[in-house]
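Going by this note's numbering, the residue at position 103 of the sequence shown is 548; the numbering climbs one at a time, nothing skipped. Note that beta-carbon positions come from the ideal geometry of N, C-alpha and C, so glycine has one too. Just so we're clear, the structure is a prediction, and the values are computed from it rather than from any experiment.
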Amino acid sequence: MNIHEYQAKQLFREYGIPVPSGKPVYDLGKLDKTLEGMGDVVVVKAQIHAGGRGKGGGVKVAKSHDEAKQRAHEIMGMTLVTKQTGAEGKLVKRLLLEEGIKIANELYLAIIMDRETACPVFIASQEGGMEIEEVAEATPEKIVKVPVDPAVGISGFQARQIAFALGLEGDAYKAACKAVIGMYNLFIEKDCSQIEVNPLVVTEDNQCLAADAKINFDDNAVARHKDILEMRDLDEEEPAEVEASKYNLSYVKLDGNVGCMVNGAGLAMATMDVIKLKGGEPANFLDVGGGATPETVENAFRIILKDPNVNAVLINVFGGIVRCDRVAKGVAEAVSKMKIDIPVVVRLSGTNAEEGKAILDESDLNCITATSLAEAAEKVVEAIKA
C-alpha cells in the first residue's frame, strides 16, 4: 500500500524526521487560508502515487502567493504523465504546498527490506535528486549500504556511520542522525516495506530536511494499523484491484490480452511465463487462493472481464486444498450466468481433476479443456488468433 507525500511527511514529523513546513490542498477555494503564514516562495506539488512528478510538470516553484495560486490552478485537475504512470497518466486531485527552502546540496536516503540478509538495510548516497538505479549502475562506489539487525535495532553508531557517509557535519550531521533513527523506528513500527527520501537536502544554513517522502507498507500487515488504512486513497489504485481486495482476491492488472485465473501466487507466475513462452501476453495476475468456491470464481471472472483488452481466459488450477470439481462447477455456473462470449481454456490438476474435467466436457459451455499447462497456453493463444 502506498500513501501520498504529504501523508508520509505527517508520519515523518511524528517520528522526529525534519521536513519543510507545508500543508495539503484538496479544495482550490481554500488556497488563501492554506497560504496564510507561509513565506513568499512556495513550492506547489501534485500528489499522486508516482515518481518523476517534477519532470512531468507536477512540481512548480512560485515566488509569490499570487503565483502559487496560479500554479495550483494549473496543476490541480491536470492529467500528470510520468515514467511511472504510463502514457495514460494520473488525474491530480490533491496538492501539497510547502515553504521554499534554499538548497545547498541534495542527498539520497532510504531503508528497505533486504531479503538476502533478512534485515532492514539503509541505502545512502551523496548523489541525491537522481535515479538511484542510474547511480548504482554507473558509480556503485557512491552508494553505502548499512544493514540493521532487527533483533538489536538501530544503534547510534550506525546512525553516525550513515550521516558521515553522506558527508554531513555540524547541525546537518546531528539532524541526519536523528532522521536515520526515526526512519528505522517508523519502518519497524508501521510495517513498512520501503521508506525513501530523495532528495534529503542540506540547506544553505546547514539544516537537513526531507524534501520528498515516499513510504510503502506491507499489504499483509496494514490491517494492524487503522491509522495507515485511513490514509489509503482508492482513487490512486486500479479500480479492479480495489474490487478484488473486497473478495480477498489478489489481482494485478497487466498489459496483455489473456486473462489468468489461478490458485496460488507461484502458479500464477508460472502460468504467465508459459503464456509468454507460447507467444501470448498476460492481461493480469489473479490468484483466487486455496479456498476457491463457485462465488469466488464468479467474482474473479467479473473482475477479469472488466478489462476490455481481455480476448480469452486461461484457468489453471492445482487441486490441493481446493477440489477441482468444485472449481469446475464454479466455472460452469459463471460462464452460464455471465454469458461469456470469449474463449475460456481450463486446465485442472490434482484432487478430483478428472471429475472436474468431466463436468466441463459434459456441459454445453464454450470451455476448452487441457491436461497440461503448456497445452493450455497453446490453446488459449490459438483461440485468440482464430
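For the region 697-744, the full-length beta strand (DSSP E) segments reaching 3 residues or more read 703-707, 729-732 along the chain. Taken through DSSP and simplified to helix, strand or coil, L694 comes out as coil. Looking at the DSSP output, D559 bridges to C564. If you ignore the 5 residues before and after E820, its C-beta comes within less than 8 Å of the C-beta of R792, all in its own chain and listed in chain order. Using a 10 angstroms sphere on the CB of H518, the tally of other CB atoms stays under 16, which defines it as exposed.
Only exposed fits Y471, as fewer than 16 other CB atoms lie within 10 angstroms of its CB.
Distance from the CA of L699 to the CA of D752, rounded to the nearest whole angstrom, comes to 10 Å. Distances from the CA of I829 to each of I785, T816, S794, V755 were compared; the closest alpha carbon is that of V755. Within the DSSP secondary-structure output, C812 pairs in a beta bridge with V789. A495 places its beta carbon 8 Å or farther from that of L540. Counting of Cβ neighbours within 10 angstroms places N761 among the buried residues, the total reaching 16 or more. Here the alpha carbon of F763 sits roughly 15 Å from the alpha carbon of K774. Cα atoms of V825 and N811: separation of roughly 13 Å, rounded to the nearest angstrom. Only residues of its own chain outside the window of five on either side were considered, and among them G534, L536 have a CB closer than 6 Å to the CB of T524, listed in chain order.
From the listed residues G725, E634, L694, T716, the smallest Cα separation to L818 is found for T716. For I749, the secondary structure class from DSSP, reduced to helix, strand or coil, is helix.
Burial check for P585: the Cβ neighbour count within 10 Å stays below 16, so the residue is exposed. The C-alpha of I813 lies about 17 Å from the C-alpha of R771.
Counting every other CB atom within 10 Å of its CB across the protein chains shown gives G801 a total of 16 or more, marking it as buried.
The beta carbon of D657 lies closer than 7 Å to those of E450, V642, N643, P644 in the same chain, with the five residues before and after it left out. Inter-residue distance for I556 and G765 is about 38 Å (C-alpha atoms, whole angstroms). Taken atom to atom, the span from the alpha-carbon of R560 to that of S570 is near 21 Å. Taking every protein chain shown into account, the CB of M783 has fewer than 16 other CB atoms within 10 angstroms, so this residue is exposed.
The three-state secondary structure of I462, taken from DSSP, is coil. Considered as a whole, the region 579-620 harbours 588-592 as its complete beta strand (DSSP E) runs of no fewer than 3 residues, in chain order. Here DSSP, grouped into helix, strand and coil, assigns N630 to helix.
Using a Cβ distance threshold of 8 Å, E688 and I785 do not count as a contacting pair. Taking C-beta atoms as the reference points, A798 and E743 fail to come closer than 8 Å. One Cα belongs to Y692, the other to V703, and the distance between them is close to 22 Å. Exclusion of the five residues before and after G461 leaves K623, G627 as the residues of its chain whose Cβ lies within less than 7 Å of its Cβ. Within the region 642-686, the beta strand (DSSP E) runs of at least 3 residues that lie entirely inside it are, in chain order, 653-655, 659-662. Taking a 10 Å sphere around the C-beta of A513, we find 16 or more other C-beta atoms and assign the residue as buried. Here G775 carries a helix assignment [DSSP, helix/strand/coil]. By the Cβ neighbour-count rule, L611 is buried, with 16 or more other Cβ atoms within 10 Å of its own.
Looking at S781, A815, I804, V767, the one whose alpha-carbon comes closest to that of T796 is V767. Under DSSP, T524 forms a beta bridge with L536.
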